[in-house]
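Chains as they are written, first to last, in our numbering: chain C, 1285 to 1730; chain L, 204 to 515.
By construction, the Cβ of each residue, glycine as well, lies at the ideal position given by its N, Cα and C atoms.
Owing to the predicted nature of the structure, the values given are computational and were not obtained by experimental measurement.
Okay, so here's the structure we're looking at.
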Amino acid sequence: MSRTPDRRPPLAAAGAILTSVLLGAALLTAPGCAPGRSAREGKVTVRWVVDPNPVRQDQIAGFYRTHGRDIEIILDPDAGRQKVLTQLAGGIYPELFAIYDPATVQVFARKGVLTDLRPMMKRHGIRLEDFWPQLAPYMLYGDQVVGLPDNCGTYVVFYNKRLFREAGVPYPREGWNWNDLLAAARKLTRRDERGRTLQFGIGYIEPWIIFWQYGARMYSDDGKRCLLDSPEAKKAAEFWASFRLTERVTPTPSEEQGLAAMGGWGGTANLFKAEKIAMHIVGRWMSVEYRKNKELEWDVAPVPQTGKVRATLLASKVYAIPKGNKNKEAAFTFLKYLMSKENQLIVAATGDGIPSIRAYGQSREFLYNPDYPNERNNQVFLDEMRWARPPEVSPYISELDATAIFNEEMDLMWQRKQSPSQACERIARRINAIIRRNIANPNLLD
Amino acid sequence: MTRRQKAESLAALAFLAPNVAGFLVFTLLPVLGAFLLAFTNWDLFRPPRWVGLFNFVSLLGWHYDEYAGRTVMNDPFFWKYVYNTVFLMTAIPVGIAGSLICALLMNQKLRGITVFRTIYFLPTVCSGVAILILWKWLYNNDIGLFNTLIRQFGDWIGVPLQGPNWLGSTEWAKPSLMLMGLWTGLGGFNMILYLAALQGVPREQYEAAAMDGASAWQTFWAVTWPGISPTTFFILIMSVIGGFQGGFMTANVMTEGGPAGSTTTIEYYIYNVAFTRFLMGYASAIAWVLFLVILAITLLTWRFGGRKVTYV
């Protein structure tokens, strides 16, 4: 009996040591500590970090069809900037990753993590001149080519033909203006006896389409001044805000949440798909989603005009190869495929935007797909390309700071605590203060 | 030291080893690393460059803006988010009082009291994100439960009523988060701590108070309150520390820091600066300033609050 207590501590110590060893082993063999590369013999792996659009599987299948399976493509379906930067910082380099806006391209390029693609482009015969020239801010950093897009999209008006017919509103046509759109949106907005909206005329409109059309700009040409305090910007803001504040033909975020399930492509797309809004200004990639609802009878029209400046928004995504990547050639082989006719026609056929190479964008396959005989107006996307612009960027302010200020002031405007003109003035004042500070102290830039 | 004592010490050290190793590797080293980083401009990609006090001056300093014609803070966002954080912390005394009331209720000798204790403790064991999403729907301006009830009440009394835009207005967003925090916190660990403290107050003191003819309020004020004062002091200190370090999850899940930045706290700001903008040096400087603020306030609380504590 007396020996038992003496034995316990060594046993306990052994248990504790074992626990420590197991814990240590568990830590060392955790996924984050294990080698990050797929090491399947005889195969090079290309990890493709991009959005989870179902079209990606068609694109991968197309690659295997044309190039065999020597290079294995692994889809990593989350291309958030935060995730990609963390991976790059941790030395776990994806072979190819998507970047969705010019500001982020600039951030990555400034940090020196993107491969200059010019030598490989030259070797493989990919010419910059073949792309839509409007895409340059997405692709270039100084004189370097840091990313190549396989698709892009001009913002046009998607409209629900059935809702238009039921409301007795004529379909939009070339040459219509914003007053026509507003009049249509009013007729297409339905409310119950309590004043609650059952159906909205139009979803959230990207402000820049209206701002540019009023002759306003976010930044001066050299990026050293925010110009949102201009009379044109204030006038544009008044009109843009009126859709929600006075006309109430566009839902607030909380109304969006209340009317349709969230997730997927977001509130406005879900509402359009659920036929709760009659118009949605967005790019062609949304066709992928809208085609899923067979009952949805939709068509596209050009964005309305003010009669001053013709403009619409141009969105794209480019694929970049990180500098630290060991499989650059394999990554570029896949990237080259994404620029090839095979993939560009997949983009055209699946509705995932406009092919980034002009020749394929203007092809017969893009203009008419017999699988979707109702989509006869694809020329609209191309016509809008003539005056489409990417989002404006200043090299002197973090896009996140600028966006935070813009959203903060617009939030106050949506709450009617300040007028749209006041919001514009305050945004310009605050952004300009930061630009001046950053010019004095470049260390504070991203 | 006898052989047995040595063996016991060895066992104790072995048991402590994983935790100490974890503390060293995952807490102390990163904290020291962050201190050094606060004096650099590291962005994770380029090698860190020593910038001295630049990050601290950028955070806490001010400059004269010739264009604006006035002195402005170098980082106006930071001060706004400090205000938000402190505003949200004003709910701490209400939360502590609520937990105490809950604990007093749960300390009754009632049939099935364990069931009630479990029910009150449930929000603490539920998934935080699930609770936040639930509350986001409750607060929805158009179809949320609260505004629906307000509208129905309005119908009932014949006056059209519309509830506030809970999470969508700058006036209501912070109070809404505070209200939600109270709901989740009332029956949480603070209540459990108070419950344990209440059960630790000596019975003799209650008997003496009863013999002296003390009323319920007098008994609470003269016996219970001093008896549980060490627990109150502990909860206060931990709540203040937690308050300064809080707000990330609610901002991330419910409000994205809005509207108009009104629910962005220092913690959420640090996260954004570090993991969205990758200004690790600057984020480390904010974290260290936050640490010093917490340390100073904790010491002040200790210095002045500690006097009121009665150790039975």
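Out of the options, point me to the one whose CA is closest to residue i's CA.
{"i": "Ile1689 of chain C", "options": "L:Asp278, L:Ala215, L:Arg252 and L:Met204", "result": "L:Asp278"}
{"i": "Ile473 of chain L", "options": "L:Ala241, L:Leu235, L:Leu231 and L:Leu439", "result": "L:Ala241"}
{"i": "Glu1413 of chain C", "options": "C:Arg1670, C:Val1664, C:Ser1640 and C:Val1677", "result": "C:Ser1640"}
{"i": "Ala1525 of chain C", "options": "C:Met1405, C:Leu1401, C:Glu1693 and C:Asn1725", "result": "C:Glu1693"}
{"i": "Thr1473 of chain C", "options": "C:Trp1460, C:Gly1637, C:Gln1497 and C:Asn1444", "result": "C:Asn1444"}
{"i": "Phe507 of chain L", "options": "L:Glu269, L:Phe436, L:Asn455 and L:Val456", "result": "L:Phe436"}
{"i": "Ala1558 of chain C", "options": "C:Ser1705, C:Trp1582, C:Val1566 and C:Ile1715", "result": "C:Trp1582"}
{"i": "Leu439 of chain L", "options": "L:Gly264, L:Lys511 and L:Pro462", "result": "L:Lys511"}
{"i": "Thr293 of chain L", "options": "L:Ala477, L:Pro378 and L:Cys329", "result": "L:Pro378"}
{"i": "Ala1643 of chain C", "options": "C:Arg1411, C:Arg1349 and C:Asn1722", "result": "C:Arg1411"}
{"i": "Thr1329 of chain C", "options": "C:Ile1355, C:Asp1655, C:Gln1341 and C:Ser1647", "result": "C:Ile1355"}
{"i": "Met457 of chain L", "options": "L:Arg273, L:Val254 and L:Leu341", "result": "L:Leu341"}
{"i": "Trp1416 of chain C", "options": "C:Glu1477, C:Thr1438, C:His1408 and C:Phe1527", "result": "C:Thr1438"}
{"i": "Gly1459 of chain C", "options": "C:Ile1718, C:Asp1667, C:Leu1684 and C:Leu1696", "result": "C:Asp1667"}
{"i": "Gln1706 of chain C", "options": "C:Leu1372, C:Val1584, C:Ser1538 and C:Ala1520", "result": "C:Ala1520"}
{"i": "Ser477 of chain L", "options": "C:Val1566, C:Leu1359 and C:Arg1365", "result": "According to the sequence shown, residue 477 of chain L is Ala rather than Ser. Closest option to Ala477 of chain L, Cα to Cα, is C:Arg1365."}
{"i": "Ala463 of chain L", "options": "C:Lys1701, C:Tyr1455 and C:Ala1451", "result": "C:Lys1701"}
{"i": "Lys1471 of chain C", "options": "C:Leu1419, C:Asn1554, C:Thr1370 and C:Ile1561", "result": "C:Ile1561"}
{"i": "Thr466 of chain L", "options": "L:Gly371, L:Glu211 and L:Ser487", "result": "L:Gly371"}
{"i": "Asn393 of chain L", "options": "L:Gly445, L:Phe356, L:Asp358 and L:Asn287", "result": "L:Gly445"}
{"i": "Phe248 of chain L", "options": "C:Ala1373, C:Ala1724 and C:Gln1541", "result": "C:Ala1373"}
Counting along the chain, where does the beta strand (DSSP E) carrying residue i start and finish?
{"i": "Arg273 of chain L", "result": "Arg273 to Met276"}
{"i": "Thr1481 of chain C", "result": "Thr1481 to Ile1486"}
{"i": "Cys1510 of chain C", "result": "Neither: Cys1510 of chain C is in no beta strand (DSSP E) and is coded neither H nor E."}
{"i": "Leu1380 of chain C", "result": "Leu1380 to Ile1383"}
{"i": "Val1566 of chain C", "result": "Ile1561 to Val1566"}
{"i": "Asn1435 of chain C", "result": "Leu1432 to Thr1438"}
{"i": "Tyr1603 of chain C", "result": "Thr1596 to Ala1604"}
{"i": "Val1584 of chain C", "result": "Trp1582 to Ala1585"}
{"i": "Leu313 of chain L", "result": "It is not in any beta strand (DSSP E) - Leu313 of chain L carries neither H nor E in the DSSP assignment."}
Considering residue i, what are the terminal residues of the alpha helix (DSSP H) in which it resides?
{"i": "Asn350 of chain L", "result": "Leu348 to Ile360"}
{"i": "Arg1331 of chain C", "result": "Counting along the chain, Arg1331 of chain C falls outside any alpha helix (DSSP H), though it belongs to the beta strand (DSSP E) covering Val1328 to Val1333."}
{"i": "Ile322 of chain L", "result": "Ile316 to Val328"}
{"i": "Val496 of chain L", "result": "Met483 to Leu503"}
{"i": "Tyr1348 of chain C", "result": "Val1339 to His1351"}
Cutting at 6 Å between CB atoms, please list the residues of its own chain near residue i, excluding the five before and the five after it.
{"i": "Ala400 of chain L", "result": "Ile431 and Thr434"}
{"i": "Gly520 of chain L", "result": "Because residue 520 of chain L is not part of the residues shown, which for chain L are 204 to 515, the question remains open."}
{"i": "Trp338 of chain L", "result": "Met383"}
{"i": "Trp369 of chain L", "result": "Tyr342, Trp375 and Ser379"}
{"i": "Thr1481 of chain C", "result": "Arg1475"}
{"i": "Ile353 of chain L", "result": "Leu364 and Gly366"}
{"i": "Glu1683 of chain C", "result": "Ala1387"}
Counting only the same chain and skipping the five closest in sequence on each side, list residues whose C-beta sits under 8 Å from that of residue i.
{"i": "Trp301 of chain L", "result": "Just to set this straight, residue 301 of chain L is Gly in the shown sequence, not Trp. Leu385, Gly388 and Leu389."}
{"i": "Tyr171 of chain L", "result": "The question about residue 171 of chain L has no answer, for chain L in this structure spans 204 to 515."}
{"i": "Phe1523 of chain C", "result": "Trp1462, Ile1494 and Tyr1498"}
{"i": "Gln402 of chain L", "result": "Asn310"}
{"i": "His266 of chain L", "result": "Thr274, Val275 and Asn277"}
{"i": "Ser212 of chain L", "result": "Met204"}
{"i": "Gly1346 of chain C", "result": "Tyr1621, Glu1626, Asn1627 and Ile1630"}
Cutting at 7 Å between CB atoms, please list the residues of its own chain near residue i, excluding the five before and the five after it.
{"i": "Asp1636 of chain C", "result": "Asn1337, Val1339, Asn1435, Trp1569 and Val1572"}
Contacting positions in the region 237–268 of chain L - beta carbon closer than 7 Å to chain C: Cβ proximity to chain C below 7 Å picks out Asn244, Asp246, Leu247, Phe248, Arg249, Val254, Phe257, Ser261 and Asp268 from the region 237–268 of chain L.
If contact means a Cβ-Cβ distance below 7 Å, which residues of the region 1498–1510 of chain C contact chain L? Taking 7 Å as the Cβ-Cβ cut-off against chain L, none of the residues of the region 1498–1510 of chain C qualify.
May I ask you to list, following chain order, the residues of the region 1659–1683 of chain C that have a beta carbon less than 9 Å from some beta carbon of chain L? Flagged, chain order: Ser1682.
Output needed in chain order: residues of the region 1530–1541 of chain C with a Cβ under 8 Å from some Cβ in chain L. Result list: Thr1536, Pro1537, Ser1538, Glu1539 and Gln1541.
Closer than 8 Å, Cβ to any Cβ of chain C: which residues of the region 269–298 of chain L, in chain order? Look at the region 269–298 of chain L: the residues with a C-beta under 8 Å from a C-beta of chain C are Tyr270, Ala271, Val275, Asn277, Pro279 and Phe280.
Mind checking the region 1716–1727 of chain C against chain L and listing, in chain order, the residues whose C-beta falls within less than 9 Å of any C-beta there? Listed in sequence order: Asn1716, Ala1717, Ile1718, Arg1720, Arg1721, Ala1724, Asn1725 and Asn1727.
Report yes or no: do three or more beta-carbon pairs, one from the region 407–427 of chain L and one from the region 1558–1576 of chain C, lie closer than 8 Å? No, the region 407–427 of chain L is not in contact with the region 1558–1576 of chain C.
Using a Cβ cut-off of 8 Å, which residues of the region 1387–1402 of chain C contact any Cβ in chain L, in chain order? The residues in question are Lys1395, Gly1396 and Val1397.
Compile a chain-ordered list of the residues in the region 1691–1702 of chain C whose CB is closer than 8 Å to at least one CB of chain L. Those would be Asn1691, Glu1692, Glu1693, Asp1695, Leu1696, Trp1698, Gln1699 and Lys1701, in chain order.
The region 1624–1633 of chain C contacting the region 1419–1428 of chain C, beta-carbon criterion three pairs below 8 Å: In short, these stretches do not touch, since the Cβ pair count stays below three.
Looking at C-beta atoms only, is the number of pairs between the region 1671–1682 of chain C and the region 1501–1516 of chain C that lie closer than 8 Å three or more? Taking a cut-off of 8 Å on C-beta distances, the region 1671–1682 of chain C touches the region 1501–1516 of chain C, as three or more cross pairs fall below it.
Looking at C-beta atoms only, is the number of pairs between the region 1599–1611 of chain C and the region 1387–1399 of chain C that lie closer than 8 Å three or more? Enough Cβ pairs lie closer than 8 Å, so yes.
Do three or more CB pairs link the region 1476–1494 of chain C to the region 1519–1538 of chain C at distances below 8 Å? The region 1476–1494 of chain C, when compared against the region 1519–1538 of chain C, does touch it at the 8 Å Cβ threshold.
At least three beta-carbon pairs within less than 8 Å, the region 1505–1521 of chain C to the region 1702–1721 of chain C: In the pairwise beta carbon analysis, the region 1505–1521 of chain C is classified as touching the region 1702–1721 of chain C: at least three pairs are separated by under 8 Å.
Taking 8 Å as the cut-off, does the region 409–428 of chain L touch the region 493–504 of chain L (at least 3 CB pairs, one atom from each stretch)? Between the region 493–504 of chain L and the region 409–428 of chain L, the count of C-beta pairs closer than 8 Å stays below three; the two stretches do not touch.
The region 1584–1597 of chain C touching the region 1373–1384 of chain C, judged by at least three CB pairs closer than 8 Å: The answer is no - the region 1373–1384 of chain C does not touch the region 1584–1597 of chain C, with fewer than three Cβ pairs under 8 Å.
Along the region 1440–1461 of chain C, where does the CB come closer than 8 Å to a CB of chain L? Name the residues. Residues: none.
Near-chain C residues of the region 442–466 of chain L - C-beta to any C-beta below 7 Å: Within the region 442–466 of chain L, the qualifying residues are Gly461, Pro462, Ala463 and Gly464.
Between the region 478–507 of chain L and chain C, which residues of the former have a C-beta closer than 8 Å to a C-beta of the latter? Cβ contacts with chain C: Phe478, Thr479, Arg480, Phe481, Leu482 and Tyr485.
Compile a chain-ordered list of the residues in the region 1362–1375 of chain C whose CB is closer than 8 Å to at least one CB of chain L. Residues passing the 8 Å Cβ filter: Arg1365, Gln1366, Leu1369, Thr1370, Leu1372 and Ala1373.
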